[in-house]
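Taking the UniProt record's numbering, the leading residue of the sequence shown gets 1, the next gets one more, and so forth.
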Amino acid sequence: MYSEADPGNISGYLPWHDAKNHNVAKWKEGAGSWMNTTRRMQNKLVEDGSVNIVESRAREAIKISSKLVKGLMRDKASIKNGWEYCRPVVVVGVTFLKLAYMGIMLTASTMDAADTILPLAYAVVDSENDALWKWFFEQFKLTYGERPNMCVLSDRNESILKATSIVYPGMPHYSCMWHIWTNILAKFKKGHLKLSELYFATTWSYTLDEFNERMSKIEEIDPRVKAYLYDIGYHRWSRVHATVNRTWTMISNITGSLNVVTKYARELPIVELLEYMSTLLERRTKEKLLKAKSTFTHLGYKFNKELDDNRTLPHKLRVRSDYLLDQIHKQHNIDILYIS
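Right, dumping it as structure tokens:
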């Protein structure tokens, strides 16, 4: 589970999660000449009346923008092809920029077959509201379309809920169970230790009987918590009530992982930030392609190793000798089936 206090535990999702390894310092150094560009141009014009700097900056901006668009189109094609083979669970969220004029970046991501993060879309906007989220999902649908059993996972942001219901009517929208738990901690002040164990067990319940039993125990501790969860809607956070297969995607920690990756890049001006994102995705695509070419198993490394571990685990088990002796002296009835 992602935690700001312990970002290291996301390395399983993003082996490339350390932003410093991507030479963000170089990006910042290169972007330094863009910092306070407007003020420096004003000073230059005041000092000698020269406008050469404006023309130079314009040519430089056109060059960078052209390179950026080409890179984005190339990344878009490779990611779109990859999306077809990923689980149809889209995790959306926001991350705040550290520019002089602030702003936020909207993101949409999923998990690929190797259980690593695949960023699908991102956009830099000035604020978070209904219109911008609607525009974001319209662009997403235009690019990726709609898949069977597709769903969206996010925090309980009303703008996201409204936008998905308009752009993707009928598509399930689920809430991050960790975000709901933090709201419970803030709203209700008693029984946190017992509630924590029960709440997360309830979200992961496989059967309705398990779910109802655990909800009854939650009600015994604090009836207000049960009422709060009921008002949210069981179908938004409970796996057993989900109308499509959410697999193991119950929390939106993908967003937190991306925040770690872009921690230093979010200090860059917008053009450099977008160019950094393009390079980041291009590098990821290249790394995954090389890894795929060197994989000769039906499954990715993570899941193949898990199968191997499960296969070898029984060989490590030991049966006590006293148990064997005890079984020798017992009688057992065996039904023998004759098959011709």
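Each residue gets a CB set at the ideal place from its N, CA and C atoms; glycine is no exception.
On a Cα-Cα basis, can you pick out the residue from G145, R156, E146, F140 that is closest to D231?
The residue you call residue 231 lines up with position 231 of the sequence shown. Minimum Cα distance to D231 is reached at R156.
Extent of the continuous alpha helix (DSSP H) to which M177 belongs
If you number the sequence shown from 1, residue 177 lands on position 177. 177–187 is the extent of the alpha helix (DSSP H) around M177.
Applying the criterion that 16 or more other CB atoms from any shown protein chain within 10 Å of the CB defines a buried residue, is W248 buried or exposed?
In the sequence shown, residue 248 corresponds to position 248, counting from 1. With fewer than 16 Cβ atoms within 10 Å of its Cβ, W248 is classed as exposed.
From I218, T262, V225, F211, residue whose alpha carbon lies closest to that of R239:
Residue mapping note: residue 239 aligns to position 239 of the sequence shown, counting from 1. Each of I218, T262, V225, F211 was checked against the Cα of R239, and the nearest Cα belongs to F211.
Taking the alpha carbon of I270 as the point to measure from, which residue in I117, V92, K305, D126 has its own alpha carbon closest?
Position 270 of the sequence shown, counting from 1, holds the residue named residue 270. Checking every option, the nearest Cα to that of I270 belongs to D126.
Is L258 near the ligand ADP, with its Cβ less than 7 Å from a heavy atom?
Questions concerning the ligand ADP fall outside what the structure shown contains, since it holds no ligand whatsoever.
Using only alpha-carbon positions, find the residue among V167, I184, L99, T207 that is nearest to I218.
In the sequence shown, residue 218 corresponds to position 218, counting from 1. Among V167, I184, L99, T207, the Cα nearest to that of I218 belongs to I184.
Beta strand (DSSP E) segments (min. 3 residues) lying fully within the segment 72–140
Inside the segment 72–140, DSSP marks whole beta strand (DSSP E) runs of 3 or more residues at positions 89–96, 104–111, 117–125, from first to last along the chain.
Do L118 and S109 have their C-beta atoms within less than 8 Å of each other?
For the purposes of this step, residue 118 is identified with residue 118 of the sequence shown, where counting begins at 1. For the purposes of this step, residue 109 is identified with residue 109 of the sequence shown, where counting begins at 1. Taking 8 Å as the Cβ cut-off, L118 and S109 qualify as a contacting pair.
Using DSSP's beta-bridge definition, name the partner residues of H173.
Here residue 173 is taken as the residue at index 173 of the sequence shown, counted from 1. BP columns for H173 point to V152.
Where F303 and L153 are concerned, what is the direct C-alpha to C-alpha distance, given to the nearest angstrom?
Counting from one through the sequence shown, the residue named residue 303 turns up at place 303. Counting from one through the sequence shown, the residue named residue 153 turns up at place 153. Taking C-alpha positions only, F303 is separated from L153 by approximately 24 Å.
Is it true that the CB of S159 sits closer than 8 Å to the CB of D112?
By one-based count along the sequence shown, residue 112 stands at place 112. By one-based count along the sequence shown, residue 159 stands at place 159. No, Cβ-Cβ distance for D112 and S159 is not below 8 Å.
Assign Y122 to buried or exposed, taking buried as 16 or more other Cβ atoms, counted over all protein chains shown, within 10 Å of its Cβ.
As a position in the sequence shown, residue 122 is number 122, starting the count at 1. With 16 or more Cβ atoms within 10 Å of its Cβ, Y122 is classed as buried.
So, with DSSP's three-state summary, where would you put T295?
Within the sequence shown, residue 295 is the residue found at index 295, counting from 1. It is coil, neither helix nor strand.
For S340, count neighbouring C-beta atoms within 10 Å of its own C-beta (all shown protein chains included) and say buried if the count is 16 or more, exposed if not.
Here the question's residue 340 lines up with position 340 in the sequence shown. Residue placement at S340 is flagged as unreliable, the pLDDT there being 49, under the threshold of 50; the coordinate-derived value follows with that caveat. Exposed: under 16 other Cβ atoms inside 10 Å.
Going residue by residue through the segment 200–277, where are the continuous alpha helix (DSSP H) segments of at least 4 residues, counting only ones entirely within it?
Runs of the alpha helix (DSSP H) inside the segment 200–277: 208–221, 223–232, 234–237, 253–261.
Look up L142 in the DSSP assignment and say whether it is helix, strand or coil.
Position 142 of the sequence shown holds residue 142. In this structure, L142 counts as helix in the three-state DSSP scheme.
Beta-carbon separation (whole angstroms), M250 vs T203, contact threshold 8 Å:
Taking the sequence shown and counting its residues from 1, the one referred to as residue 250 is at position 250. Taking the sequence shown and counting its residues from 1, the one referred to as residue 203 is at position 203. Taking C-beta atoms under 8 Å as the contact rule, M250 and T203 qualify, at a distance of about 6 Å.
Applying the criterion that 16 or more other CB atoms from any shown protein chain within 10 Å of the CB defines a buried residue, is L299 buried or exposed?
Within the sequence shown, residue 299 is the residue found at index 299, counting from 1. Here L299 is exposed: its Cβ has fewer than 16 other Cβ atoms, across all protein chains shown, within 10 Å.
Assuming P88 contacts C151 under a Cβ cut-off of 8 Å, what Cβ separation, rounded to an integer in Å, is found between them?
The residue labelled residue 88 in the question sits at position 88 within the sequence shown. The residue labelled residue 151 in the question sits at position 151 within the sequence shown. Rounded, the Cβ-Cβ distance is 7 Å, consistent with contact.
Using only the alpha-carbon positions, how far apart do S257 and R147 sit?
As a working note, residue 257 is residue 257 in the sequence shown. As a working note, residue 147 is residue 147 in the sequence shown. S257 and R147: Cα-Cα distance of roughly 25 Å.
Note down, in chain order, each residue of its chain lying with its Cβ closer than 8 Å to the Cβ of residue 363, except the 5 sequence neighbours on either side.
Coverage of the chain is limited to positions 1 through 340, which leaves residue 363 absent and any answer about it impossible.
Could you tell me the boundaries of the alpha helix (DSSP H) in which L307 lies?
In the sequence shown, counting from the first residue as 1, residue 307 sits at position 307. Membership of L307 in the alpha helix (DSSP H) is indicated by the continuous run 301–312.
Hey, T116 and G93: beta-carbon distance below 8 Å or not?
Taking the first residue of the sequence shown as position 1, residue 116 is located at position 116. Taking the first residue of the sequence shown as position 1, residue 93 is located at position 93. When the beta-carbon positions are compared, T116 and G93 stay at least 8 Å from each other.
Look up R283 in the DSSP assignment and say whether it is helix, strand or coil.
Walking along the sequence shown from the start, residue 283 turns up at place 283. It is helical.
Terminal residues of the continuous alpha helix (DSSP H) containing K316?
Sequence index remark: in the sequence shown, residue 316 carries index 316 (1-based). Premise fails: K316 is in no alpha helix (DSSP H) and is neither H nor E.
Status (buried if at least 16 other CB within 10 Å, exposed otherwise) for I166:
In the sequence shown, residue 166 corresponds to position 166, counting from 1. I166 sits exposed, since fewer than 16 C-beta atoms from the chains shown fall within 10 Å of its C-beta.
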